[in-house]
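One structure is given below, encoded as structure tokens.
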Amino acid sequence: MKKNLSTDEAIERWNEHAEAFTAGYTEEGDRSRRILLNPAIFSLLGHVEGTEILDAGCGEGYLSRLLERKGAHVTAVDYSTEMLKLAEAKAPESSGIHYHHGNCENLNFLDDRMFDTIVSNMVIQDLEDHTAALRECFRLLKEGGTLIFSILHPCFITPGSGWIRDGRGKKEAWRVSGYFLEGVYEQAFPEEAENKVVFYHRSLTTYMTAIREVGFEIDEMVEPRPSDELVGEDPEYREDLIHPNFLVFKLRKGKRGISWCPGL
Ligand SMILES: C[S@@+](CC[C@H](N)C(=O)[O-])C[C@H]1O[C@@H](n2cnc3c(N)ncnc32)[C@H](O)[C@@H]1O
1 MKKNLSTDEA IERWNEHAEA FTAGYTEEGD RSRRILLNPA IFSLLGHVEG TEILDAGCGE
61 GYLSRLLERK GAHVTAVDYS TEMLKLAEAK APESSGIHYH HGNCENLNFL DDRMFDTIVS
121 NMVIQDLEDH TAALRECFRL LKEGGTLIFS ILHPCFITPG SGWIRDGRGK KEAWRVSGYF
181 LEGVYEQAFP EEAENKVVFY HRSLTTYMTA IREVGFEIDE MVEPRPSDEL VGEDPEYRED
241 LIHPNFLVFK LRKGKRGISW CPGL
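Residue numbers (the UniProt record's numbering): 1 to 264.
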């Protein structure tokens, strides 16, 4: 359902939703993160040891912890105080992760060119001003630094999208509709849950326009899918081959050509 919603109300929704949203998380996140998002993000990241990384919209912080375990110096920001509480509680005592409460659209407490890399996992579609958030990332990156961000795939996760099922309830196909109806919508996890958070649906063109406007170069783009190995092991993963749920961008502050990474 389309809504009019202030950022304060969106934050409140995330505060109320923090426990339930992350209840099924392991130290590698939920199912989508384990089989789709993490492999894509880590293959785009490459070597992180000794680098300065910002986890923008860290949530309960699983990705910050994974990055720190790989030797990165991690700063983590989220605007939900409840998410931050979870993240701080889950961090090992020896952790050096710096947590901050803040809105990714304006991180003025962080200095220009502080980071080699920024990762923002499933956050940019949740905030009101995606261009402002991308501009902040650009400001915070060193020259040549990279921003890796994942979002709900704007071409497939649309206001009217959902499964088409056969007479016995088996998932048959994925319906897309309302693609050009940009705006803020409610979303629940699982679908029937009472608590709803919001996401902003934007077309792919809108995202591409903001990326160019801010000055990023597109380095790579990945539509994560389960590995052939996983699909072979368990037929359940075949439904993840029907359509992509996520889109991951690797952007660079500085020049480089686009390359396309199908099937990661
Ligand atoms: C879908 S969760 C993803 C969390 C984490 N990155 C993960 O992958 O588990 C979205 C997170 O973004 C945070 N968030 C949304 N809008 C934000 C904003 N404008 N600034 C900072 N955090 C924001 C929410 O509080 C929530 O923790």
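All C-beta atoms, glycine included, are put in the ideal place defined by N, C-alpha and C.
Can you find a heavy atom of ligand 1 that lies under 6 Å from the Cβ of residue i?
i: residue 80; result: yes
i: residue 84; result: no
i: residue 103; result: yes
i: residue 119; result: no
i: residue 163; result: no
i: residue 122; result: yes
i: residue 228; result: no
i: residue 127; result: yes
i: residue 215; result: no
i: residue 57; result: yes
i: residue 14; result: yes
When you compare only the Cα positions, how much space is there between residue i and residue j?
i: residue 259; j: residue 208; result: Unreliable placement is indicated for residue 259, whose pLDDT of 47 sits below 50; no coordinate value is reported for it.
i: residue 225; j: residue 107; result: 33 Å
i: residue 54; j: residue 164; result: 39 Å
i: residue 140; j: residue 115; result: 6 Å
i: residue 234; j: residue 184; result: 36 Å
i: residue 216; j: residue 204; result: 16 Å
i: residue 121; j: residue 169; result: 31 Å
i: residue 156; j: residue 188; result: 17 Å
i: residue 47; j: residue 166; result: 45 Å
i: residue 186; j: residue 199; result: 6 Å
i: residue 12; j: residue 196; result: 11 Å
i: residue 147; j: residue 221; result: 12 Å
i: residue 249; j: residue 219; result: 8 Å
i: residue 143; j: residue 193; result: 44 Å
i: residue 92; j: residue 72; result: 15 Å
i: residue 244; j: residue 98; result: 33 Å
i: residue 40; j: residue 30; result: 15 Å
i: residue 253; j: residue 76; result: 20 Å
i: residue 180; j: residue 202; result: 8 Å
i: residue 63; j: residue 34; result: 11 Å
i: residue 126; j: residue 15; result: 14 Å
i: residue 237; j: residue 32; result: 11 Å
i: residue 172; j: residue 161; result: 14 Å
i: residue 69; j: residue 94; result: 11 Å
i: residue 151; j: residue 124; result: 6 Å
i: residue 89; j: residue 211; result: 35 Å
Contact criterion: CB-CB distance below 7 Å. Does residue i meet it with respect to chain B?
i: residue 138; result: The structure shown contains no chain B, having only a single protein chain.
Where does residue i sit, in a helix, a strand or coil, going by DSSP?
i: residue 42; result: helix
i: residue 214; result: helix
i: residue 114; result: coil
i: residue 48; result: coil
i: residue 127; result: coil
i: residue 122; result: coil
i: residue 11; result: helix
i: residue 53; result: strand
i: residue 254; result: coil
i: residue 91; result: coil
i: residue 37; result: helix
i: residue 21; result: helix
i: residue 273; result: Residue 273 is absent from the model: the chain starts at 1 and stops at 264.
i: residue 259; result: With a pLDDT of only 47 at residue 259, under the threshold of 50, the placement of this residue in the model should not be trusted; the figure read from the coordinates follows. Residue 259: strand per DSSP, three-state reduction.
i: residue 240; result: helix
i: residue 132; result: helix
Go ahead and label residue i buried or exposed: buried means 16 or more other beta carbons lie within 10 angstroms of its beta carbon, across all protein chains shown.
i: residue 112; result: exposed
i: residue 61; result: buried
i: residue 57; result: buried
i: residue 59; result: buried
i: residue 86; result: buried
i: residue 149; result: buried
i: residue 228; result: exposed
i: residue 7; result: exposed
i: residue 101; result: exposed
i: residue 52; result: buried
i: residue 136; result: buried
i: residue 109; result: exposed
i: residue 65; result: buried
Exercise for the section: Taking only runs that begin and end inside the stretch 142 to 230, name each unbroken beta strand (DSSP E) of 3 or more residues, in chain order. Expected result: Listed in chain order, the beta strand (DSSP E) elements of length 3 or more contained wholly in the stretch 142 to 230 are 162 to 165, 171 to 175, 183 to 187, 197 to 201, 217 to 222.
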